[in-house]
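Asker: If you're matching them up, the sequences are chains X and H in order.
Take the first sequence: its letter number 167 is residue 167 in the UniProt record's numbering, and every next letter is one higher.
Take the second sequence: its letter number 221 is residue 221 in the UniProt record's numbering, and every next letter is one higher.
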Amino acid sequence: MVSVRSQQALLRRVTAAMTQAALVSLVVIFILSPIAWLVLSSVAPPKDLLARPPRWLPWPLDLSNYYQLLLGSGEQGTTLTAFTLRAFRFSLRNSMIVASGVTLMCLALGTSAGYAFARLRMPLGQRLLYLFLLVQMVPVVVLLIPMFLVVTRLGLLDRLEMVILLLTAFHLPFVIWILRSYFLSIPVELEEAALVDGASRLQVIRHVVLPVAIPGLFAAAVYTFMQSWNAFMIPLIFTSTETKRTVTVAIAMFVGRHYTEYGLISAAGVLASLPPVLLAIFFQRYLLAGLTAGAVKG
Amino acid sequence: MGEAMVRAEQAITAMKRRRWIRRHDPRLLGLLMVMPGGIVVVGLLFYPLLHSMAISLYDLNVRAPWIGPQFVGAANYIRALTSPDVRAAAGRSLYLAALGIGLGIPISMAFALILNRPFPLRGLVRGLLIVPWIIPGTVQGLLWARIYDPHYGALNGLLYQVGIIPDYVPWLLEPRRALLLVALANIWATVPMMTLLYLAGLQSIPEELYEAAQVDGAGPWARFVHITFPLLMPITLINLILKTIDALMLFDLVYVLTGGGPANATQVIGYYLYDAAFQRLEYGYASALAWLIALMALGLTGIYSRLTRVGEATS
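#1: Identify the contact partners of S273/X in chain H, using a Cβ-Cβ distance below 7 Å as the criterion.
#2: Kindly indicate which residue of L237/H, F224/H, A8/H and Y148/H has the alpha-carbon position closest to the one of E207/H.
#3: Which residues, in order along the stretch 83 to 117 of chain H, keep a beta-carbon less than 7 Å from a beta-carbon of chain X?
#4: For the alpha helix (DSSP H) containing A54/H, list its first residue and its last residue.
#5: Short of 7 Å in beta carbon distance, which residues of its chain neighbour R13/X, apart from the five on each side in sequence? Order them along the chain.
#6: Between the stretch 194 to 228 of chain H and chain X, which residues of the former have CB atoms less than 7 Å from a CB of the latter, in chain order?
#7: Do the CB positions of residue 300/X and I105/H come within less than 9 Å of each other?
#8: So, P139/X versus A290/H, is the Cβ gap smaller than 9 Å?
#9: Note down, in chain order, every chain H residue with its Cβ under 8 Å from the Cβ of R257/X.
#10: Since I believe A297/H is in contact with E248/H (beta carbons under 8 Å), could you give me their beta-carbon distance rounded to a whole number of angstroms?
#11: If the cut-off is 9 Å on Cβ atoms, which residues from the stretch 293 to 310 of chain H count as contacting chain X, listed in chain order?
#12: Looking at C-alpha atoms only, which residue of N61/H, T13/H and R87/H is the closest neighbour of N264/H?
#13: Alpha helix (DSSP H) containing T260/X: first to last residue?
#14: Expressed to the nearest angstrom, what Euclidean distance is found between the alpha-carbon atoms of G125/X and R180/X?
#15: Between the stretch 158 to 188 of chain X and chain H, which residues of the former have a C-beta closer than 8 Å to a C-beta of the latter?
#16: With C-beta atoms as the reference, is I245/H less than 9 Å away from T195/H?
#17: Can you say whether A16/X is buried or exposed, counting buried as having 16 or more other CB atoms within 10 angstroms of its CB?
#18: Evaluate the contact criterion for the stretch 152 to 170 of chain X versus the stretch 267 to 284 of chain X: three or more CB pairs, one atom per stretch, below 8 Å.
#19: Taking the alpha carbon of L184/X as the point to measure from, which residue in S100/X, W37/X, A113/X and S3/X has its own alpha carbon closest?
#20: Check the Cβ of W188/H against every Cβ in chain A and list those closer than 7 Å, keeping chain order.
#21: Between the beta-carbon of T138/H and the beta-carbon of A272/X, is there less than 9 Å?
#22: Would you please state the rounded distance, in angstroms, between the beta carbons of N76/H and G270/H? I believe it to be under 8 Å.
#23: Among the residues of its own chain, which have a CB less than 7 Å from the CB of W188/H, if the five just before and after it don't count?
#24: Give me the Cα-Cα distance between G72/X and L85/X, rounded to the nearest whole angstrom.
#25: Straight-line CA distance for P150/H to G101/X?
#26: Can you list the residues of chain H that M18/X reaches, using a CB-CB cut of under 7 Å?
#27: According to DSSP, simplified to helix, strand and coil, what is Q126/X?
#28: In the DSSP assignment, the alpha helix (DSSP H) including V98/X goes from what residue to what residue?
#29: Thinking C-alpha only, which one of L44/H, N116/H and K243/H is nearest V135/X?
#30: Skipping 5 residues on each side, what residues in its chain have a beta carbon closer than 7 Å to that of R177/H?
#31: Given a limit of 9 Å on CB to CB distance, which residues of the stretch 215 to 236 of chain X reach chain H?
#32: Quick one: which chain H residues come within Cβ less than 8 Å of V28/X?
#33: Quick check: what's the CA-CA separation for Q203/H versus L38/X?
#34: Under a three-way DSSP split, which group does D167/H fall into?
#35: Taking a cut of 7 Å between CB atoms, which residues from the stretch 242 to 265 of chain H lie near chain X?
#36: Can you give me the Cβ contacts of T236/H inside the same chain, cut-off strictly under 7 Å, excluding the 5 residues immediately before and after it?
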């Protein structure tokens with residue numbers, strides 16, 4: 001009797017576990033299968049990719065697309081010239097410059113302003129903070145036209161510095177906001193003790209506050225890097241030379257011009273996604289805090 | 001008595017200390033520290049904001065520079081509000097939002113319920129959720145272009161192999177289907193984020209409620225209808241608003257996947273705006289339209305932040 005009942009319970013547990021496994025697989029397939037197709041397209045030998053239906057598990061894996069994109073010099077007689085490949089490599093470098101530049105600028109300006117808003121008295125004080133946040137709520141599209149007109153008139157189009165500056169402006173209010181909240185969460189007694197012992201405010205920031213604030217700085221950095229790596233409209237509008245494009249723009253142009261190079265554009269897409277995806281995987285903990293707070297942003 | 005005295009004394013010394021510290025800081029240090037960031041925000045956000053309002057009242061005549069900028073008052077706004085093209089583009093964005101809500105909310109709620117139960121590798125699977133969202137928008141466009149490809153796409157390959165279609169179909173050539181497929185691609189990218197929000201919501205529902213319901217003999221469906229669904233309502237509203245804003249702003253995906261075509265069938269409002277401003281160079285008109293869209297998004301954001309505040313207050 002007892003063994004029959006326990007067998008039934010076991011059976012029920014096993015079915016429950018299997019249903020759960022099936023449902024979870026469904027979620028995983030939903031998320032991963034489109035990505036898997038892009039990755040497969042990038043490593044499939046052409047004949048597997050062009051078969052009808054395609055060979056879903058291509059073999060042997062063909063890494064020549066990645067080789068072409070990263071080191072190759074193009075093929076004679078095709079649309080794929082050495083120039084296109086060089087432009088793509090430039091775009092990866094440009095995205096790296098832009099994303100790092102924006103991150104550094106946002107951290108430097110954001111730490112300074114965020115700390116001041118958290119701990120120091122100043123004329124207009126909190127009202128200024130709310131003004132910053134209010135401006136931030138306005139969608140990017142509204143600001144692009146005047147920005148474009150002014151930048152054109154100043155002759156500063158097609159410059160990475162300008163792209164960095166504009167993206168910094170868009171992300172800075174949010175960075176100030178999360179850093180300010182982070183500084184507010186640090187016990188004020190730590191700083192007071194150091195101040196009473198005769199340290200200046202700047203010394204306190206450097207030796208007391210910043211070491212404690214590293215997780216907050218990190219969260220802001222990961223979020224900003226990812227957002228500016230993925231930025232599209234601003235680099236699209238404010239750059240025009242092939243060698244000044246960021247990788248998101250290069251991908252759009254690549255698809256427009258070399259769409260039939262299926263393997264190559266797929267590999268380019270994978271390469272363009274790697275930095276944000278790797279960042280997200282390694283620093284998920286930091287990112288989620290930023291994302292949920294930043295989800296409101298247009 | 002003595003304890004209170006000690007505490008009062010401590011409070012007084014703390015106050016004195018704070019006053020001393022306040023005097024200790026150089027005057028205007030705070031202002032100096034805010035200044036660099038402030039210049040960037042004021043110069044690159046606040047000034048363009050005002051400039052944009054001004055532009056929206058003008059016809060800049062970029063195409064006819066000999067005429068120069070003309071003040072046209074509310075004409076740009078009236079044109080944007082009455083244009084059939086704008087109405088069509090806004091309709092497409094609303095279609096995107098409606099589909100994103102109608103399909104995305106049930107799917108993401110189901111996903112959250114699935115992922116909320118314990119299973120091996122749960123952390124890893126939850127980690128995957130973030131991936132579609134952080135792939136750059138243009139790569140998302142490329143990804144779906146590869147899937148919907150008329151000759152060598154995965155969708156054709158799969159349906160052909162299973163025998164659902166007798167021959168390959170050029171999916172994106174038919175206008176109404178193209179918009180539907182853009183919407184589905186967009187749902188793929190937004191469902192994971194919605195799922196994450198639902199997961200956070202599920203974690204805030206106290207376990208005792210379910211235990212009590214179980215004691216009262218409520219089955220799984222009754223528990224979902226009477227506990228889970230109503231308590232997730234704030235999250236549902238947030239997802240609804242975020243999805244709507246997202247649909248209003250969508251641009252990258254459309255730019256790469258369809259370029260607004262065929263025959264403008266996928267020209268959503270975000271794309272129409274880009275086209276009016278940076279292809280047709282109608283800066284005044286585009287600014288007016290941008291403000292109308294911004295006001296809609298701001299209204300939605302206002303509701304959103306009130307909702308999250310209510311959510312925080314009740315939890």
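Backbone N, C-alpha and C fix where the C-beta goes; we use that ideal spot for every residue, glycine too.
Answerer: Quick answer:
#1: The answer, in chain order, is I135, P136 and V139.
#2: F224/H
#3: F111, I114, L115 and R117
#4: Per DSSP, A54/H belongs to the alpha helix (DSSP H) from Y47 to I55.
#5: none
#6: none
#7: Given that chain X is displayed from residue 1 to residue 298, the structure contains no residue 300/X and the question cannot be resolved.
#8: yes
#9: Chain H residues near R257/X: none, gap ~12 Å exceeds 8 Å.
#10: It is Leu, not Glu, that sits at residue 248/H in the sequence shown. About 6 Å separates the two Cβ atoms, so the contact holds.
#11: I293, A294, A297, L298, T301, G302, Y304, S305 and T308
#12: R87/H
#13: From DSSP, T260/X is part of no alpha helix (DSSP H); its letter is neither H nor E.
#14: When rounded, the distance between both Cα atoms is 13 Å.
#15: The residues in question are L165, L166, T168, A169, F170, L172, P173 and I176.
#16: no
#17: exposed
#18: no
#19: Residue A113/X holds the alpha-carbon nearest to the alpha-carbon of L184/X among S100/X, W37/X, A113/X and S3/X.
#20: Among the protein chains of the structure shown, namely X and H, there is no chain A.
#21: yes
#22: The pair is not a contact, with the Cβ atoms about 18 Å apart (cut-off 8 Å).
#23: P132
#24: 7 Å
#25: 40 Å
#26: Identification of chain H residues near M18/X by a Cβ-Cβ cut-off of 7 Å yields none; the smallest Cβ-Cβ distance measures about 11 Å.
#27: helix
#28: A82 to R119
#29: Nearest to V135/X by alpha-carbon distance, out of L44/H, N116/H and K243/H, is L44/H.
#30: W171
#31: M226, W229, N230, A231, F232, M233 and L236
#32: V125 and L128
#33: 34 Å
#34: D167/H falls in the coil class under three-state DSSP.
#35: L242, I245, M249, F251, D252, Y255 and V256
#36: I105
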